[in-house]
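Following: one structure in structure tokens, then a few remarks.
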Amino acid sequence: DAKTTQPTSMDCAEGRAANLPCNHSTISGNEYVYWYRQIHSQGPQYIIHGLKNNETNEMASLIITEDRKSSTLILPHATLRDTAVYYCIVTGNNRKLIWGLGTSLAVNP
Amino acid sequence: DTGVSQDPRHKITKRGQNVTFRCDPISEHNRLYWYRQTLGQGPEFLTYFQNEAQLEKSRLLSDRFSAERPKGSFSTLEIQRTEQGDSAMYLCASSLVTGNNYGYTFGSGTRLTVV
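Going down the list, the sequences are from chains A and B.
Mapped onto the working numbering, the consecutive letters of the first sequence carry residue numbers 1 to 109.
Mapped onto the working numbering, the consecutive letters of the second sequence carry residue numbers 1001 to 1115.
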């Protein structure tokens, strides 16, 4: 499974868009990009995933570059409840997930 | 069905004791995964089942660890002769293998403290 690189931490003002980047330069053709988040002491929560097209759901948007070597998770209007650790993972066929350290996002009032 | 359930939520045990955790996945999900997470780290893969078959085990899963999923429904993770290094959050997740490759649903975890 390809490895991912994410910034250790980010800040965002409440109500503004939070843009979380992820590099996955070794991604292979059949690997998906997944995003999860984990709020303190809870289990990880699935956010969104994509293969090569941009995706949007009720929680977020996922923008994947044309070469698929990087992606950005966008939380359009961040709230205080979005403060969490956000993990970007690449994997294929619903296999095991290899987790990095993620990005700790702090949404400030 | 409200999601993936794990029991207990917290477990404190003395070193050397055996512990068993239970995971009830989402009923229609055919895959079940166990992960372990220590403070400040991302979850680490331990093992996964497709229906009742255990398809992969991590090297982290020493011979003191055993997981079962009888009849392809709930799963148990047992740790024998616990050590202080086993203290962690044990997470269970389930998924449905389809062509759309949906993500996992995680439970809230079992936090184990070995004293």
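Cβ coordinates follow ideal geometry from the N, Cα and C atoms, glycine included.
It should be emphasised that the depicted structure is a prediction, and the values quoted were computed from it without experimental measurement.
Would you call residue i buried or exposed, if buried means 16 or more other Cβ atoms sit within 10 Å of its Cβ?
i	result
A:H49	buried
B:D1086	buried
B:P1043	buried
B:G1107	buried
B:L1091	buried
A:P76	exposed
A:H24	buried
A:E58	exposed
A:I39	exposed
A:I47	buried
A:G15	exposed
Please list, in chain order, the chain B residues whose beta carbon lies closer than 7 Å to that of residue i.
i	result
A:Q42	S1108
Taking 7 Å as the CB-CB limit, is residue i close to chain B?
i	result
A:Y34	yes
A:H49	yes
Please report the residue range of the beta strand (DSSP E) in which residue i lies.
i	result
B:V1019	1019 to 1024
A:P138	Because chain A is modelled from 1 through 109, residue 138 of chain A falls outside the range shown and cannot be assessed.
A:P21	18 to 23
A:Y32	32 to 38
B:F1074	Here B:F1074 belongs to no beta strand (DSSP E), and DSSP marks it neither H nor E.
B:Q1037	1031 to 1037
A:I27	No beta strand (DSSP E) contains A:I27, which DSSP labels as neither H nor E.
A:I98	Where A:I98 is concerned, there is no enclosing beta strand (DSSP E), given that its DSSP letter is neither H nor E.
A:V112	Nothing in the structure corresponds to residue 112 of chain A, since chain A is present only between 1 and 109.
B:L1061	B:L1061 -> no beta strand (DSSP E), and no H or E assigned at all.
B:Y1104	Run containing B:Y1104: none; DSSP gives neither H nor E here.
B:D1007	1005 to 1007
A:T5	That residue, A:T5, is in no beta strand (DSSP E); it is neither H nor E in DSSP.
A:M10	9 to 13
B:M1089	1088 to 1095
A:L73	70 to 75
A:Q45	45 to 50
Anything in chain A within Cβ reach of residue i, meaning under 7 Å, just list it in chain order.
i	result
B:G1042	Y87, W99, G100, L101, G102
B:E1056	K96
Using a Cβ-Cβ cut-off of 7 Å, state whether residue i counts as contacting chain A.
i	result
B:L1116	Since the first residue of chain B shown is 1001 and the last is 1115, residue 1116 of chain B is not available in this structure.
B:F1045	yes
B:G1103	yes
What residues in the stretch 1009 to 1038 of chain B have a beta carbon less than 9 Å from any beta carbon of chain A? R1031, Y1033, Y1035, Q1037
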